[in-house]
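Contents: one structure, followed by commentary.
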Amino acid sequence: MNRYLLSALTLSLLAGVSGMAGAADSAKKAAAAPATAVAAAALTSGIAVEYVDPAVRAQDDLFQHLNGKWLAETVIPADKSSWGSFAKLADDTQTQLRGIVEGAAADKARAAGSNAQKIGDFYNSFMDEAKLESLGLTPLNAELAKIAALQDKAELPAVIAHFSKLGVTSPYDFGIHQDAKDSTKYVADIVQSGLGLPDRDYYLEEGKADTRAKYLAHVEKMLSLAGDANAAANAKAILALETELAKAQWSNVQNRDPVKTYNKVELAKLASVAPGYDWARYLKDTGIAGKVNYVIVSQPSYLKGFAEIANKTPLETWKAYFQWHLLHANAGYLPKAYVDENFAFYGTTLTGVTEMRPRWKRGVGAVEGALGEAVGQLYVEQYFPAERKVRMEALVKNLMTAYKQSIDKLDWMSPVTKKQAQIKLAKFTTKIGYPNKWRDYSGLTVAPDDLIGNIQRSHLLNYNRELNKLGQPIDRDEWGMTPQTVNAYYNPELNEIVFPAAILQAPFFDANADDAVNYGAIGGVIGHEISHGFDDQGAQYDGDGNLRDWWTKADHKNFAKKTKQLVAQYNGFSPVKGHFVNGELTLGENIADNSGVAIAYKAYKLSLNGKKAPVIDGFTGEQRFYAGFAQVWRMKMREAQQLVLLKTDPHSPGQFRANGTMRNQPGFYQAFDVKPGDKMYLPPKDRVIMW
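Sequential numbering of the sequence shown, starting at 1, is according to the UniProt record's numbering.
Laid out in structure tokens, this is it:
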């Protein structure tokens with residue numbers, strides 16, 4: 001599914017459990033109170049003035065000016081690859097979730113089959129390290145035996161289909177989502193997969209040779225722990241196989257194109273895309289066959305390449321490959337030797353983290369992965385005051401008004417396209433806080449002494465839930481994130497913007513602060529997500545979520561001119577010496593940052609109703625607005641992790657999301673009196689004004 005996430009990292013904490021009635025009732029009561037009453041009592045600036053570095057001028061480096069003291073004094077926690085506004089809020093939320101999960105685990109009166117029982121027993125199964133040590137690899141013996149028993153490569157489709165149900169990486173996978181060209185239907189989308197390193201470039205670039213060598217050693221060690229007598233040779237064969245897969249894969253930039261990745265193929269014609277492979281067996285074993293008569297192939301040339309690779313690769317190599325990925329997928333649920341070895345490579349080598357997260361944090365994460373919305377219900381009841389939703393609704397209303405007014409003034413959009421843009425904007429759906437209906441976990445069996453069994457059953461429950469969507473009406477109430485996730489997203493297929501409860505906290509949304517900082521922070525977030533509907537990807541979908549070109553040729557030409565300039569700007573940013581931001585990979589998010597702030601600023605001005613904002617903590621209202629956006633991206637990151645994200649993340653590093661965006665905002669120049677000679681200054685002809 002094409003979905004646009006706000007954060008620079010994937011900071012997903014999953015959700016909570018408990019009835020929604022309390023939250024719903026309090027929301028009704030809060031709705032009766034005017035939002036202005038809340039705002040009137042909230043007169044703090046919302047700016048972390050203790051972090052301001054007076055030695056650096058805002059006109060030279062707004063990010064450093066606002067966050068300089070924090071950057072100088074903060075040490076990234078040993079168990080983190082980065083630290084900042086997102087990470088801290090996510091960490092604070094996880095502490096709240098710990099209370100919920102451990103409360104369920106300690107509750108002796110919880111009813112069998114209830115969400116509380118499942119949450120508690122899942123957590124207890126993770127925390128019982130002595131039990132896991134005594135079990136060793138026993139919980140995986142049945143799966144390992146299936147791999148060892150393979151007699152013919154003709155069985156590969158069945159193995160891949162089976163592993164999809166267990167969440168184990170295979171050379172390709174499928175996902176269920178709304179058909180991009182028929183918004184009334186669900187469809188299965190077959191996508192490339194199969195690598196143990198973060199991205200195909202890790203296998204192909206000369207500069208990654210050292211990482212590949214360490215990966216090879218890691219695979220060998222994991223196979224050795226599992227008793228593989230030919231671990232060294234098998235590890236080399238696995239690396240060689242994954243390298244061949246990587247050569248056939250599409251790049252992250254290529255995968256951003258929703259038109260090129262939409263390739264409708266009738267089930268009977270899959271063989272023509274990838275000859276010599278038993279697609280009928282795969283479709284039958286996955287359960288896709290019989291539910292639909294076509295699939296979407298995201299990367300046709302990759303599937304063709306995979307079929308050729310499958311044919312020439314020895315069966316013994318495939319068996320080693322599947323053994324390795326089975327171990328990797330379950331490494332966090334096995335005895336300590338596997339956990340430590342997995343962390344040594346994926347934690348320390350790849351991201352520079354020197355200390356593993358405490359077991360309770362990993363346990364809470366495992367519970368959320370399996371029972372996300374169950375935990376989310378409890379989280380919302382305890383930690384999401386209804387008045388936040390009311391104020392958010394007011395913010396969104398002003399943002400929508402600002403977009404509506406701005407569309408008619410765009411210099412790059414023709415009148416006929418502006419009319420279509422207004423139609424799309426009017427069809428936006430906004431989801432705030434938590435879903436209207438909660439996910440059903442009644443089909444999940446959880447035992448207190450069967451961690452891997454719990455993991456496998458949760459994967460299977462989710463797999464069947466997704467598969468059963470085929471042939472059913474589109475569920476427009478479904479959420480792609482849990483309420484306790486510190487993030488937000490836009491989904492072009494549903495034309496919706498979604499803001500989970502957990503992100504509606506300071507510094508994104510400060511209930512005690514003057515509106516200026518909130519419009520800059522959460523307003524920028526809202527504007528960011530709405531703008532995805534009109535960026536280089538989202539604009540290819542209409543208001544109903546169909547992939548349809550509703551722009552004129554002139555619009556495309558004008559827009560491309562602006563985005564080319566934006567790509568060039570961000571290509572020049574370097575967070576690590578000798579390594580630069582990929583302006584094409586990050587284009588959609590850079591457009592959203594620049595557009596979101598511009599619109600949020602207009603919305604802030606609308607909210608003032610012609611009145612002048614007060615000066616608080618030495619900042620004018622306009623300055624607090626831009627500072628609110630910049631302090632959201634307060635972040636420090638380990639170099640190793642930054643290098644991973646430069647290859648894989650469609651978001652720019654935090655300091656450039658702040659400064660890079662500000663340099664294109666006319667209001668920023670006025671608010672801070674930025675002039676030629678200041679380091680933040682760009683001549684007007686070089687500024688990219690999207691909205």
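Glycine included, every Cβ here is placed at the ideal spot set by N, Cα and C.
None of these values were measured; they are calculated from a predicted model.
Leaving out the 5 sequence neighbours to the left and right, which residues in its chain are closer than 6 Å to residue i when beta-carbon positions are compared?
i: Arg-357; result: Asp-79
i: Thr-36; result: With a pLDDT of 38 at Thr-36, under the threshold of 50, the modelled position of this residue cannot be trusted; read the value that follows with caution. Hits under 6 Å: none found.
i: His-532; result: Tyr-4, Tyr-490, Gly-538, Ala-592
i: Phe-672; result: Ala-58, Gln-59
i: Ala-39; result: Summary for Ala-39: the model assigns pLDDT 40, below 50, so the residue's position carries little reliability; its value from the coordinates is reported in the next sentence. Once the five neighbours on either side are set aside, the close Cβ partners of Ala-39 are Asp-515.
i: Ile-147; result: Lys-319, Phe-322, Gln-323
i: Asn-594; result: Thr-661, Asn-664, Met-690
i: Lys-208; result: Tyr-202
i: Ala-231; result: Glu-220, Leu-223, Ser-224
i: Ile-238; result: Val-219, Ala-320, Tyr-321, Trp-324
i: Gly-305; result: Ala-248
If you follow the alpha helix (DSSP H) that residue i is part of, which residue opens it and which one closes it?
i: Thr-184; result: Note, Thr-184: premise wrong, no alpha helix (DSSP H); beta strand (DSSP E) at 182 to 192.
i: Val-295; result: That residue, Val-295, is in no alpha helix (DSSP H); its beta strand (DSSP E) goes 294 to 297.
i: Trp-318; result: 315 to 330
i: Ile-432; result: Element bounds for Ile-432: not the alpha helix (DSSP H) but the beta strand (DSSP E), 429 to 433.
i: Glu-355; result: Element bounds for Glu-355: n/a, residue is neither H nor E.
i: Val-339; result: 336 to 343
i: Pro-300; result: 300 to 312
i: Asp-138; result: Reading off the sequence, residue 138 comes out as Thr, not Asp. From DSSP, Thr-138 is part of no alpha helix (DSSP H); its letter is neither H nor E.
i: Phe-656; result: 654 to 662
i: Leu-283; result: 279 to 286
i: Gln-670; result: 666 to 672
i: Val-273; result: 270 to 273
Below 8 Å CB to CB, which residues in the same chain sit around residue i once its five sequence neighbours on both sides are set aside?
i: Ile-190; result: Tyr-172, Asp-173, Phe-174, Val-295, Ile-296, Val-297, Ser-298, Leu-303
i: Ser-26; result: Because the pLDDT of Ser-26 is 32, which lies under 50, any placement of that residue in the model is unreliable, and the number read from its coordinates should be weighed accordingly. The answer, listed in chain order, is Pro-385, Ala-386.
i: Glu-266; result: Asn-293, Tyr-294
i: Lys-181; result: Tyr-262, Lys-264, Asn-546, Leu-547, Arg-548
i: Pro-676; result: Pro-683
i: Phe-580; result: Asn-571, Gly-572, Phe-573, Ser-574, Leu-646
i: Ser-301; result: Ala-248, Trp-250
Between residue i and the rest of its own chain, which residues show a CB-CB distance below 7 Å, the 5 nearest in sequence each way excluded?
i: Gly-167; result: Ala-329, His-459
i: Glu-316; result: none
i: Ala-154; result: Asp-278
i: Phe-619; result: Ser-45, Ile-47, Ala-627
i: Ser-414; result: Thr-552, Ala-554, Asp-555
i: Ala-77; result: The amino acid occupying residue 77 in the given sequence is Pro; Ala does not appear at that position. So the list reads Trp-83, once near-sequence residues are dropped.
i: Pro-650; result: Leu-585, Thr-586, Gly-588, Glu-589
i: Asn-234; result: Leu-223, Asp-228, Ala-320
i: Ile-176; result: Tyr-186, Ala-188, Glu-466, Leu-467, Lys-469, Leu-470
Can you check whether the C-beta of residue i is within less than 7 Å of a C-beta belonging to chain C?
i: Thr-351; result: The chain labelled as chain C is not found in the depicted structure, where only one protein chain is given.
I think residue i touches residue j, with their Cβ atoms under 8 Å apart; what is that distance to the nearest whole Å?
i: Phe-63; j: Trp-691; result: Actually they do not touch by this definition, with Cβ atoms about 22 Å apart.
i: residue 693; j: Val-375; result: As shown, the chain starts at 1 and ends at 691. That puts residue 693 outside it, with no answer to give.
i: Lys-247; j: Leu-197; result: Incorrect: roughly 13 Å between the Cβ atoms, too far for contact.
i: Thr-417; j: Glu-496; result: Thr-417 to Glu-496, Cβ: 22 Å. No contact.
i: Lys-562; j: Trp-412; result: 6 Å
i: Ser-81; j: Arg-657; result: Contact flag wrong, Cβ pair sits at about 18 Å.
i: residue 707; j: Val-597; result: In the structure displayed, the chain extends from 1 to 691; residue 707 sits before or after that span and is not available.
i: Lys-424; j: Gly-543; result: 4 Å
Starting from residue i and walking both ways along the beta strand (DSSP E), at which residues does that stretch end?
i: Lys-264; result: 264 to 266
i: Gly-84; result: 82 to 84
- Message: My parser needs the alpha helix (DSSP H) runs of 4 or more residues fully inside the stretch 582 to 643; what are they?
- Response: 587 to 607, 621 to 632
- the stretch 367 to 383 / the stretch 481 to 494 touching (three or more Cβ pairs under 8 Å): yes
- Are three or more beta carbon pairs between the stretch 606 to 625 and the stretch 583 to 592 nearer than 8 Å? no
- the stretch 153 to 171 in contact with the stretch 323 to 340 per 3-pair CB rule at 8 Å: yes
- Query: Should the stretch 439 to 458 be regarded as contacting the stretch 119 to 127, the criterion being three or more beta carbon pairs within less than 8 Å?
  - Reply: yes
- Item | Unbroken stretches of the alpha helix (DSSP H), 4 residues or longer, contained in the stretch 481 to 552 | 515 to 520, 522 to 531
- Item | Whole beta strand (DSSP E) elements within the stretch 162 to 249, 3-residue minimum | 172 to 179, 182 to 192
- Query: When the Cβ atoms of the stretch 211 to 222 are set against those of the stretch 257 to 273, are three or more pairs found closer than 8 Å?
  - Reply: no
- Taking contact to mean at least 3 C-beta pairs separated by less than 8 Å, is the stretch 463 to 475 in contact with the stretch 338 to 346? no
- What alpha helix (DSSP H) runs, 4 residues minimum, are completely inside the stretch 388 to 456? 415 to 426
- Does the pairing of the stretch 307 to 314 with the stretch 251 to 259 give three or more beta-carbon distances under 8 Å? no
- Entirely enclosed alpha helix (DSSP H) segments - the stretch 56 to 133, minimum 4 residues: 62 to 73, 85 to 106, 115 to 127
- Message: Three Cβ pairs or more, each shorter than 8 Å: is that satisfied between the stretch 640 to 649 and the stretch 565 to 580?
- Response: yes
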